[in-house]
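Working notes, beginning with the structure itself.
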Amino acid sequence: MNEILFFIFAFLAEVIGTMAGFGSSTIFLPIALFFVDFKIALVLVALLHIFGNMGRITFFRHGLNWRLILLFGIPSVILAVIGALLVNYTSNAILKLALGVFLLSYSIVFLLKPDLKFKPKTQNAIIGGSLSGFLAGLIGTGGALRGAFLTAFNLKKEVYIATAAVIALAVDVTRIPIYFGSGFLSNEYYYYLPLLFIVAILGSYAGKKIVNKIQQKSFRKLVLVLIGLVSLKFIYDSLFFLF
Numbered sequence: 006m007n008e009i010l011f012f013i014f015a016f017l018a019e020v021i022g023t024m025a026g027f028g029s030s031t032i033f034l035p036i037a038l039f040f041v042d043f044k045i046a047l048v049l050v051a052l053l054h055i056f057g058n059m060g061r062i063t064f065f066r067h068g069l070n071w072r073l074i075l076l077f078g079i080p081s082v083i084l085a086v087i088g089a090l091l092v093n094y095t096s097n098a099i100l101k102l103a104l105g106v107f108l109l110s111y112s113i114v115f116l117l118k119p120d121l122k123f124k125p126k127t128q129n130a131i132i133g134g135s136l137s138g139f140l141a142g143l144i145g146t147g148g149a150l151r152g153a154f155l156t157a158f159n160l161k162k163e164v165y166i167a168t169a170a171v172i173a174l175a176v177d178v179t180r181i182p183i184y185f186g187s188g189f190l191s192n193e194y195y196y197y198l199p200l201l202f203i204v205a206i207l208g209s210y211a212g213k214k215i216v217n218k219i220q221q222k223s224f225r226k227l228v229l230v231l232i233g234l235v236s237l238k239f240i241y242d243s244l245f246f247l248f
């Protein structure tokens, strides 16, 4: 039953991530931690993320901004490697605490200032790529922060989704081999991989069909509230374990 719920939530996370522009890892990583430990969740969610982004690139392939892909992507990939390597030297409790603090901070900031944007400068693109790449490597989610920087460039919805997906794909392709090389995923979870691929493609396709049929602001606000609530549990559990 737990495995069925895992894949149902994975599908919903992919749909919501495509619609809200967060990326499925922001939605699904906190949920996955209810089923598996942090390092296993890092790998499984990263794989869902990579499969989902392949779908988004396919469905929105005519909307790529290559200049932003390079500005964000190169520093993202470099810092993702550093973040992924640090996972081996950081306890699960610290990683969960870092994830909880990041998600709570993000949800509060964007609930209070939903239209917050950074200035559309080359410098900010590089900073945004670096920070989001490092967080993606270390705690498995950097798409939310990447989105905050990308929205500054006033991209059309289709261009934003496709461009963000290519950057995220580059980061995932970089960090996933490091996770596997560190032995984060045991053999018993290998059969999840084809199922995650199917779920991700179906979820990104469903999200594409729904994305223009909902009121984005209200939907995004609801997702932020849910992320904030879940992050409080991670912070509490981590602090309880540490102290």
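Numbers 6 to 248, taken from our numbering, label the letters of the sequence shown in order.
For each residue, glycine too, the CB sits at the ideal point set by N, CA and C.
**Asked** Of the choices N159, K118, S110, L104, whose alpha-carbon is the least far from that of K126?
**Response** For the purposes of this step, residue 126 is taken as the residue at position 121 of the sequence shown. Selected option, being the one with the closest Cα: N159.
**Asked** Under 9 Å, do G191 and G60 count as touching if we go by C-beta distance?
**Response** Translated into positions along the sequence shown, residue 191 becomes position 186. Translated into positions along the sequence shown, residue 60 becomes position 55. The residue you asked about is not Gly; residue 191 is Ser in the sequence shown. In this structure, G60 does not lie closer than 9 Å to S191 by Cβ.
**Item:** I219, DSSP secondary structure in three states
**Value:** Translated into the one-based positions of the sequence shown, residue 219 becomes position 214. Here I219 sits in coil by DSSP.
**Item:** Separation of A130 from R72, as counted between CA atoms
**Value:** Residue 72 sits at position 67 when you count from the first residue of the sequence shown. Residue 130 sits at position 125 when you count from the first residue of the sequence shown. One C-alpha to the other measures close to 10 Å.
**Asked** Looking at C-alpha atoms only, which residue of A15, H54, E19, I9 is the closest neighbour of A175?
**Response** Sequence index remark: in the sequence shown, residue 175 carries index 170 (1-based). A175 has its Cα closest to that of H54, out of A15, H54, E19, I9.
**Simplified DSSP assignment, three categories, for F39** = Here residue 39 refers to the residue found at position 34 of the sequence shown. Looking at F39 - three-state DSSP - the assignment turns out to be coil, as it is neither helix nor strand.
**Message:** Assuming the contact rule is C-beta atoms closer than 8 Å, I144 and F107 should be a hit. Round their C-beta distance to whole Å, please.
**Reply:** Taking the sequence shown and counting its residues from 1, one reaches residue 144 at position 139. Taking the sequence shown and counting its residues from 1, one reaches residue 107 at position 102. That belief holds up - the Cβ atoms of I144 and F107 are roughly 6 Å apart, short of 8 Å.
**Message:** Mapping the DSSP letters down to three states, classify P182 as helix, strand or coil.
**Reply:** On the sequence shown, position 177 is the one that residue 182 refers to. The answer is helix: DSSP assigns P182 an H, G or I state.
**Request:** Could you tell me whether the segment 96 to 107 touches the segment 234 to 243, using the rule of 3 or more Cβ pairs below 8 Å?
**Result:** yes
**Request:** Determine the contact status of S30 and V50, defining contact as a CB-CB distance below 9 Å.
**Result:** Locating residue 30 in the sequence shown gives position 25, counting from the first residue. Locating residue 50 in the sequence shown gives position 45, counting from the first residue. Against a cut-off of 9 Å, the Cβ pair of V50 and S30 comes out as a contact.
**Asked** Between which two residues does the alpha helix (DSSP H) harbouring S4 extend?
**Response** Any answer about residue 4 is impossible in this case: the structure gives the chain only from 6 up to 248.
**Nearest candidate by alpha-carbon position, reference A170, set Y197, K218, G57** = Numbered from its first residue, the sequence shown carries residue 170 at position 165. Out of Y197, K218, G57, G57 has the C-alpha closest to the C-alpha of A170.
**Request:** Just tell me which of I181, F11, G134 has its CA closest to the CA of G78.
**Result:** Here residue 78 refers to the residue found at position 73 when the sequence shown is read from its first residue. Ranking I181, F11, G134 by Cα distance to G78 puts G134 first.
**Prompt:** Taking F139 as the reference, which of L227, A15, V82 has the closest Cα?
**Reply:** Looking up residue 139 in the sequence shown gives position 134. Here the closest residue by C-alpha is V82.
**Message:** Is the beta carbon of V204 closer than 9 Å to that of F12?
**Reply:** Within the sequence shown, numbered from 1, the residue matching residue 12 stands at position 7. Within the sequence shown, numbered from 1, the residue matching residue 204 stands at position 199. Their beta carbons are under 9 Å apart, which means F12 touches V204 by this criterion.
**Request:** State yes or no: is the C-beta of F224 within less than 9 Å of the C-beta of P35?
**Result:** Residue 224 sits at position 219 when you count from the first residue of the sequence shown. Residue 35 sits at position 30 when you count from the first residue of the sequence shown. Cβ distance not < 9 Å, so F224 and P35 don't count as in contact.
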